[in-house]
Amino acid sequence: MSGRVVLVTNNPRYLSNVTSIDFIDGSSWDVLVKVRDMVHGGCKLLSHPLYGNLRPYQQPFRSAILSLKSDNDYSRVDEYSLTLIEHALSVYRSCLDRLLLRGVLPPATEEDYAFMDMELMKQTLLQYDIFSEKGV
555 MSGRVVLVTN NPRYLSNVTS IDFIDGSSWD VLVKVRDMVH GGCKLLSHPL
605 YGNLRPYQQP FRSAILSLKS DNDYSRVDEY SLTLIEHALS VYRSCLDRLL
655 LRGVLPPATE EDYAFMDMEL MKQTLLQYDI FSEKGV
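The sequence shown begins at 555 in the numbering used here and counts up one residue at a time.
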């Protein structure tokens, strides 16, 4: 993979394991909005924003891997990435009032969700060489 890659996430478990991260101190919805903005800015999704087949109100964490736009390509929007993220936002929009938020679950339960999110993304993170198992 040429170019730079970044993980956009609200899962604090990644902070000690991912070398290129944009941490969002907010909800899973906030992560998807940030990803949408990055796609509009020329970034390309490298992971599906609805991975794991979990409904938005079943998982407080959301993560996405994007390739950052190249310095000489400011005007292109990847249509496929835009379609994926807009669909994901539509799914989330339908249940915004039921979103499972960080900080409302017992710590052990929240840690289980954080672990599951990381396990679902780990192979893709390894594929793009931005994951280290040092803090796992």
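No residue lacks a Cβ here, since even glycine has one placed at the ideal position from N, Cα and C.
Length of the line joining the Cα atoms of ASN607 and ARG590: Translated into the one-based positions of the sequence shown, residue 607 becomes position 53. Translated into the one-based positions of the sequence shown, residue 590 becomes position 36. Approximately 20 Å between the Cα atoms of the pair.
ARG647 versus TYR611 - alpha carbon distance: In the sequence shown, the residue the question calls residue 647 occupies position 93. In the sequence shown, the residue the question calls residue 611 occupies position 57. Each residue's alpha carbon lies about 11 Å from the other.
6 Å CB neighbourhood of LEU674 in its chain, flanking five on each side removed: Counting from one through the sequence shown, the residue named residue 674 turns up at place 120. Closer than 6 Å at the Cβ level, and outside the excluded window around LEU674, lie TYR605 and GLY606.
Bounding residues of the beta strand (DSSP E) (the contiguous stretch that carries VAL562): Here residue 562 corresponds to residue number 8 of the sequence shown, with the count starting at 1. Residues 559-563.
Reference LEU620; option with closest CA among SER686, VAL562, VAL645 and GLN681: In the sequence shown, counting from the first residue as 1, residue 620 sits at position 66. Residue VAL562 is the option with its Cα nearest to LEU620.
Per-residue DSSP class, three states only, for LYS598: Here residue 598 is taken as the residue at index 44 of the sequence shown, counted from 1. LYS598 falls in the strand class under three-state DSSP.
Three-state secondary structure (DSSP) of LEU643: Walking along the sequence shown from the start, residue 643 turns up at place 89. In this structure, LEU643 counts as helix in the three-state DSSP scheme.
Through-space distance from VAL559 to ARG567, alpha-carbon basis: Looking up residue 567 in the sequence shown gives position 13. Looking up residue 559 in the sequence shown gives position 5. Those two C-alpha atoms are separated by around 18 Å.
Three or more C-beta pairs below 8 Å linking the region 630-648 and the region 566-580: no
Environment of LEU680 [buried if 16+ CB atoms lie within 10 Å]: As a working note, residue 680 is residue 126 in the sequence shown. Exposed, by the Cβ-count rule.
N-terminal and C-terminal residue of the beta strand (DSSP E) that LEU679 is part of: Your numbering for residue 679 matches position 125 in the sequence shown. It is not in any beta strand (DSSP E) - LEU679 instead sits in the alpha helix (DSSP H) that spans 661-681.
C-beta atoms of LEU600 and ILE639 nearer than 8 Å: Position 46 of the sequence shown, counting from 1, holds the residue named residue 600. Position 85 of the sequence shown, counting from 1, holds the residue named residue 639. Contact: no.
Beta bridge counterpart(s) of LEU653 as assigned by DSSP: For this step, residue 653 is matched to residue 99 along the sequence shown. LEU653 pairs with nothing; no bridge assigned.
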